[in-house]
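Student:
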Amino acid sequence: MSEIQKVAKKVLKDESEGIDLLKDFFDDNFSSAVKKIIKIKGKVIVTGVGKSGHIGKKISATLSSTGTPSYFVHPTEASHGDMGMVGSEDIIFAISWSGETSELSDIIHFSKENKIGLISLTSSSNSLLSQSSDIALILPKATEACPNGLAPTTSTTMQLIVGDAIAICLLNERGFDKDKFKSLHPGGQLGAALLTLKDIMHREDSIPLLQSGTNMSEALISISEKGFGCAGVIREKKLIGILTDGDLRRHMGPKLLDKSVDQIMNSKPKTVSENMLASEALSLINQLGIQGLFIINEKSNPIGFVHFHDLIRLIKQ
């Protein structure tokens, strides 16, 4: 094992030990912090300096994206006018490993003077920040992964985990479901993965459908025109089968064109609901090794079709 690999594994060991120390951290005090945030009508104002500030920015972004409005205010900027961004219905979440960061003093004073809630995340219960807070979340002391014990490494990992835990607990308490999550993430791969088949499926005349009893010579022309490599077979508006390239190969012979689609089709087509996520549909298609999925309503009427190419293009956006 190289020296680089040894050092990397030592970092993993040190930070894992820090994470293990958090097992007893999530107590009634933590629950009180989450409940206090739930009750506010305003936003969560996250603040911190240095590496704690960087972690704070990420926590604030996670809160906002999971249904808890939040933004980050740098303590120095707050002391030079940005304090005006903090409203009476907001709550301040201040992060400092030592709890003695001098730049936070103005925010602490502002919260007291204006009776704005203050939750802190520190490692010292005797610090100025902890003593000034409505709720002080005290992190256990941990060894930094830095060999000099100076660079914030294990400590920032622990801070981030607590922030994620707060965000996900709030998400759970608010009943923040996939639909709400999707509304906040309309772009990119994440937004695409949260789309449902209803959002992307081919509809009406674009659905590859054949009537029961259709001659195979006509069916092949229709399949070629639609360009999906398959077609659903319907009788009295209900989906009763599917005709694929594989079915054609299995029945290839001189009399194929004289047969009807009913004689060739698979009578057990895989169907799904329009509410299925696009990401789930792609996984199902890969699992079953099929070309696409027919979307049906409660009456077994086909209302849409999605091809695996549609899903791949979507996920790769």
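Plus 19 on top of the position in the sequence shown (first one is 1) and you've got the working numbering. Backbone N, C-alpha and C define an ideal beta-carbon position, used for all residues, glycine too.
Which runs of the beta strand (DSSP E) fall wholly inside the segment 74-117 and span at least 3 residues, in chain order?
Tutor: Listed in chain order, they are 89-91 and 110-114.
Student: With 16 as the cutoff for other CB atoms within 10 Å, does V26 come out buried or exposed?
Tutor: Here residue 26 refers to the residue found at position 7 when the sequence shown is read from its first residue. Under this definition V26 is an exposed residue.
Student: To which residues does DSSP link T263 through a beta bridge?
Tutor: Translated into positions along the sequence shown, residue 263 becomes position 244. Partner(s): C249.
Student: Measuring straight from C-alpha to C-alpha, what distance separates F324 and G265?
Tutor: For this step, residue 324 is matched to residue 305 along the sequence shown. For this step, residue 265 is matched to residue 246 along the sequence shown. Taking the straight line from one Cα to the other gives about 18 Å.
Student: Classify L307 as buried or exposed, calling it buried when 16 or more other Cβ atoms lie within 10 Å of its own Cβ.
Tutor: Along the sequence shown, one-based indexing puts residue 307 at 288. Result: exposed.
Student: If you check the beta carbons only, do L156 and F49 fall under 8 Å apart?
Tutor: Mapped onto the sequence shown, residue 156 falls at position 137. Mapped onto the sequence shown, residue 49 falls at position 30. Yes; because the gap between Cβ atoms is below 8 Å, this pair is in contact.
Student: Starting from S139, follow the beta strand (DSSP E) in both directions and report where the run begins and ends.
Tutor: In the sequence shown, residue 139 corresponds to position 120, counting from 1. Its beta strand (DSSP E) spans residues G136 to T141.
Student: Taking I315 as part of the beta strand (DSSP E), name the residues at either end of that continuous run.
Tutor: Translated into positions along the sequence shown, residue 315 becomes position 296. Segment G311 to I315, the beta strand (DSSP E) holding I315.
Student: Flag this pair as touching only if the segment 176-193 and the segment 65-84 have three or more C-beta atom pairs under 8 Å; answer yes or no.
Tutor: Judged by Cβ distances under 8 Å, the segment 176-193 makes contact with the segment 65-84, as three or more pairs qualify.
Student: In the DSSP assignment, find the alpha helix (DSSP H) that holds H128 and state where it starts and stops.
Tutor: Residue 128 sits at position 109 when you count from the first residue of the sequence shown. From DSSP, the alpha helix (DSSP H) with H128 extends over S124 to E132.
Student: Does the distance between the C-beta of R193 and the nearest non-hydrogen atom of the ligand ZN fall short of 7 Å?
Tutor: Questions concerning the ligand ZN fall outside what the structure shown contains, since it holds no ligand whatsoever.
Student: For T66, which residues from the same chain have a beta carbon less than 8 Å from its beta carbon, with the 5 sequence-adjacent residues on both sides left out?
Tutor: Within the sequence shown, the letter at position 47 stands for residue 66. So the qualifying residues of the chain are G72, G75, F91, V92, H93, P94, A97, I111, F112, A113, I114, L123 and I126.
Student: In whole angstroms, what is the alpha-carbon distance linking K245 and G194?
Tutor: Within the sequence shown, residue 245 is the residue found at index 226, counting from 1. Within the sequence shown, residue 194 is the residue found at index 175, counting from 1. If you take the alpha carbons of K245 and G194, they lie about 42 Å apart.
Student: Determine the DSSP secondary structure at I226, reduced to helix, strand or coil.
Tutor: Taking the sequence shown and counting its residues from 1, the one referred to as residue 226 is at position 207. Looking at I226 - three-state DSSP - the assignment turns out to be coil, as it is neither helix nor strand.
Student: Output yes or no for whether 8 Å exceeds the beta carbon distance between T141 and S117.
Tutor: As a first step, residue 141 is located in the sequence shown; it is residue number 122 there, counting from the start. As a first step, residue 117 is located in the sequence shown; it is residue number 98 there, counting from the start. Yes, Cβ-Cβ distance for T141 and S117 is below 8 Å.
Student: In angstroms with no decimal places, state the Cα-to-Cα distance between P321 and E255.
Tutor: Here the question's residue 321 lines up with position 302 in the sequence shown. Here the question's residue 255 lines up with position 236 in the sequence shown. Roughly 11 Å between the two C-alpha positions.
Student: Hey, out of L296, E192, Q24 and M235, whose CA is closest to P273's CA?
Tutor: On the sequence shown, residue 273 is found 254 positions in, with the first residue counted as 1. Nearest C-alpha to P273: M235.
Student: Using a 10 Å radius around the Cβ and a threshold of 16 neighbouring Cβ atoms, would you call I23 buried or exposed?
Tutor: Locating residue 23 in the sequence shown gives position 4, counting from the first residue. Answer is exposed; the Cβ neighbour count stays below 16.
Student: Can you tell me whether H270 is helix, strand or coil according to DSSP?
Tutor: Taking the first residue of the sequence shown as position 1, residue 270 is located at position 251. H270 falls in the coil class under three-state DSSP.
Student: What are the start and end residues of the alpha helix (DSSP H) that includes L156?
Tutor: Sequence index remark: in the sequence shown, residue 156 carries index 137 (1-based). That residue, L156, is in no alpha helix (DSSP H); its beta strand (DSSP E) goes I154 to I157.
Student: Just checking, does the segment 222-232 make contact with the segment 298-305 on the three C-beta pairs under 8 Å criterion?
Tutor: Taking 8 Å as the limit for Cβ pairs, the verdict is that the segment 298-305 does not touch the segment 222-232.
Student: Out of curiosity, what's the CA-to-CA distance linking T290 and T215?
Tutor: Position 271 of the sequence shown, counted from the first residue, corresponds to residue 290. Position 196 of the sequence shown, counted from the first residue, corresponds to residue 215. Taking the straight line joining both Cα atoms gives about 14 Å.
Student: What would DSSP say about G37, mapped onto helix, strand or coil?
Tutor: If you number the sequence shown from 1, residue 37 lands on position 18. Reduced to three states, the DSSP call for G37 is helix.
Student: Short check: CB of D109 to CB of I56, under 8 Å?
Tutor: To locate residue 109, count along the sequence shown from 1; it is residue 90. To locate residue 56, count along the sequence shown from 1; it is residue 37. No.
Student: Below 8 Å CB to CB, which residues in the same chain sit around L31 once its five sequence neighbours on both sides are set aside?
Tutor: Counting from 1 along the sequence shown, the entry for residue 31 is found at position 12. For L31, where only same-chain residues beyond five positions count, there are no Cβ hits under 8 Å.
Student: Excluding the five sequence neighbours on either side, which residues of its own chain have a C-beta within less than 8 Å of the C-beta of F129, listed in chain order?
Tutor: One-based indexing of the sequence shown puts residue 129 at position 110. Cβ neighbours of F129 beyond the five flanking positions: A97, M102, V105 and I135.
Student: Does the beta-carbon distance from D281 to G232 come in below 8 Å?
Tutor: Within the sequence shown, numbered from 1, the residue matching residue 281 stands at position 262. Within the sequence shown, numbered from 1, the residue matching residue 232 stands at position 213. Result yes, Cβ atoms of D281 and G232 sit closer than 8 Å.
Student: Apply the 10 Å Cβ neighbour rule to K54 and answer buried if 16 or more other Cβ atoms are within range, or exposed otherwise.
Tutor: Here the question's residue 54 lines up with position 35 in the sequence shown. Exposed, since its Cβ has fewer than 16 Cβ neighbours within 10 Å.
Student: Please state whether the Cβ-Cβ distance between T176 and G69 is less than 8 Å.
Tutor: The count along the sequence shown starts at 1 and reaches residue 176 at position 157. The count along the sequence shown starts at 1 and reaches residue 69 at position 50. No.
Student: Name the residue from I314, G248 and L148 whose alpha carbon lies nearest to the alpha carbon of S121.
Tutor: Sequence index remark: in the sequence shown, residue 121 carries index 102 (1-based). Comparing Cα positions, the closest option is L148.
Student: So, D52 versus I187, is the Cβ gap smaller than 8 Å?
Tutor: As a working note, residue 52 is residue 33 in the sequence shown. As a working note, residue 187 is residue 168 in the sequence shown. Checking the sequence, you will find Ala at residue 52 rather than Asp. Contact: no.
Student: Which residues mark the beginning and the end of the beta strand (DSSP E) in which I59 is found?
Tutor: The sequence position of residue 59 within the sequence shown is 40, counting from 1. Neither: I59 is in no beta strand (DSSP E) and is coded neither H nor E.
Student: Just tell me which of T162, T172, E119 and E163 has its CA closest to the CA of S146.
Tutor: Translated into the one-based positions of the sequence shown, residue 146 becomes position 127. Measuring from the Cα of S146, the nearest candidate turns out to be E119.
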